[in-house]
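Engineer: Provided herewith is a single structure, encoded as structure tokens, for subsequent inquiry.
Protein chains in written order, with my numbering: chain A, 107 to 280; chain B, 12 to 116.
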């Protein structure tokens, strides 16, 4: 028989009943990650998670685009040259091949941090019980169907269904 | 810092109840800690995860994240969530006598 004195056990149920809903509206490689990282963190803490993909965000869950997400330095004044504070000249960013180079560099940095590529990350979240949804209006506007989306997307839902699902949740817009 | 006697051994704990010195840990303590959070008994699969965490901590100096365990210990994400339900990253670190993982994924 194992005995103990002066023992305290951690509280692992302090997030019981907590819900998080993240509206993902962007389809670039850099903006695909905030929702995934926060969402993955949430499921790891036992928090019920709903990722709602809308408008440009649909690119993140489409079979044809999920592995081709990219980012562009054009119009992004936060894009620096390496670790310096020097802004990337906008005209340089517009040269052919700069977007693919920036995307390639970012994929490398993400991998270096041990963060998975987008589809693998989504699988990990779905395996952990997180839910993924596509926005009905955006899907109709782009003339897409359920078949266009990766298997982890449970359904195409409208705003009122999303509001039902996210009742009592904290909602974040990305 | 609180101390407790578990299985006849003195261990120091932080305010949350996590062990602060991985060297004080042994398998008997792991079984006790697991029982305290509703994991009883520890199966071979639990031990596979715990042993990986201990070895990896010894080599890396920090606690492996879920991502690291699922890709390197041969226990997939789904299994990790069923072995250590609710808060798998924290629970597995707790039972292994290690700090909570610092990484986000």
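Virtual Cβ for every residue (Gly too), placed ideally from N, Cα, C.
In this text, all values refer to a predicted model and were calculated from it rather than measured experimentally.
Under 8 Å, with one C-beta from each stretch per pair, do the segment 220–234 of chain A and the segment 146–154 of chain A reach the 3-pair mark?
Structural biologist: yes
Engineer: According to DSSP, simplified to helix, strand and coil, what is residue 190 of chain A?
Structural biologist: For the purposes of this step, residue 190 of chain A is taken as the residue at position 84 of the first chain. Of the three classes helix, strand and coil, the one that applies to residue 190 of chain A here is coil, per DSSP.
Engineer: Check whether the segment 69–79 of chain B and the segment 16–28 of chain B are in contact - that is, three or more C-beta pairs closer than 8 Å.
Structural biologist: no
Engineer: Would you kindly check if the distance between the Cβ of residue 107 of chain B and the Cβ of residue 61 of chain B is under 8 Å?
Structural biologist: Sequence index remark: in the second chain, residue 61 of chain B carries index 50 (1-based). Sequence index remark: in the second chain, residue 107 of chain B carries index 96 (1-based). In contact: residue 61 of chain B and residue 107 of chain B (Cβ atoms closer than 8 Å).
Engineer: Looking only at its chain, what residues have a beta carbon closer than 7 Å to the beta carbon of residue 197 of chain A, apart from the 5 residues adjacent to it on each side?
Structural biologist: Along the first chain, one-based indexing puts residue 197 of chain A at 91. Closer than 7 Å at Cβ, skipping near neighbours: no residue.
Engineer: What residues in the segment 199–223 of chain A have a beta carbon less than 9 Å from any beta carbon of chain B?
Structural biologist: 219, 220, 221 and 222
Engineer: If you draw a straight line from the alpha carbon of residue 113 of chain B to that of residue 74 of chain B, how long is it in whole angstroms?
Structural biologist: One-based indexing of the second chain puts residue 113 of chain B at position 102. One-based indexing of the second chain puts residue 74 of chain B at position 63. If you take the alpha carbons of residue 113 of chain B and residue 74 of chain B, they lie about 7 Å apart.
Engineer: Take residue 206 of chain A and list the residues in its own chain whose beta-carbon comes closer than 7 Å to its own, dropping the five residues that flank it on each side.
Structural biologist: Against the first chain, residue 206 of chain A aligns to sequence position 100. For residue 206 of chain A, where only same-chain residues beyond five positions count, the Cβ hits under 7 Å are 176.
Engineer: Less than 8 Å between CB atoms is the rule here; does residue 17 of chain B satisfy it with respect to chain A?
Structural biologist: As a first step, residue 17 of chain B is located in the second chain; it is residue number 6 there, counting from the start. It does; some Cβ of chain A falls within 8 Å.
Engineer: Residue 82 of chain B lies in the alpha helix (DSSP H); which residues open and close that run?
Structural biologist: For the purposes of this step, residue 82 of chain B is identified with residue 71 of the second chain, where counting begins at 1. 77–83 is the span of the alpha helix (DSSP H), which, as asked, contains residue 82 of chain B.
Engineer: Strictly by DSSP, which residues pair up with residue 153 of chain A?
Structural biologist: Your numbering for residue 153 of chain A matches position 47 in the first chain. Answer is none; residue 153 of chain A lacks a bridge partner.
Engineer: When you compare only the Cα positions, how much space is there between residue 40 of chain B and residue 115 of chain B?
Structural biologist: To locate residue 40 of chain B, count along the second chain from 1; it is residue 29. To locate residue 115 of chain B, count along the second chain from 1; it is residue 104. Rounded to the nearest whole angstrom, the CA to CA distance from residue 40 of chain B to residue 115 of chain B is 27 Å.
Engineer: Alpha carbon to alpha carbon, what distance is there between residue 133 of chain A and residue 161 of chain A?
Structural biologist: To locate residue 161 of chain A, count along the first chain from 1; it is residue 55. To locate residue 133 of chain A, count along the first chain from 1; it is residue 27. Approximately 8 Å between the Cα atoms of the pair.
Engineer: Would you report the Cα separation of residue 34 of chain B and residue 25 of chain B, rounded to the nearest angstrom?
Structural biologist: By 1-based counting over the second chain, the position of residue 34 of chain B is 23. By 1-based counting over the second chain, the position of residue 25 of chain B is 14. Straight-line Cα distance between these residues: approximately 15 Å.
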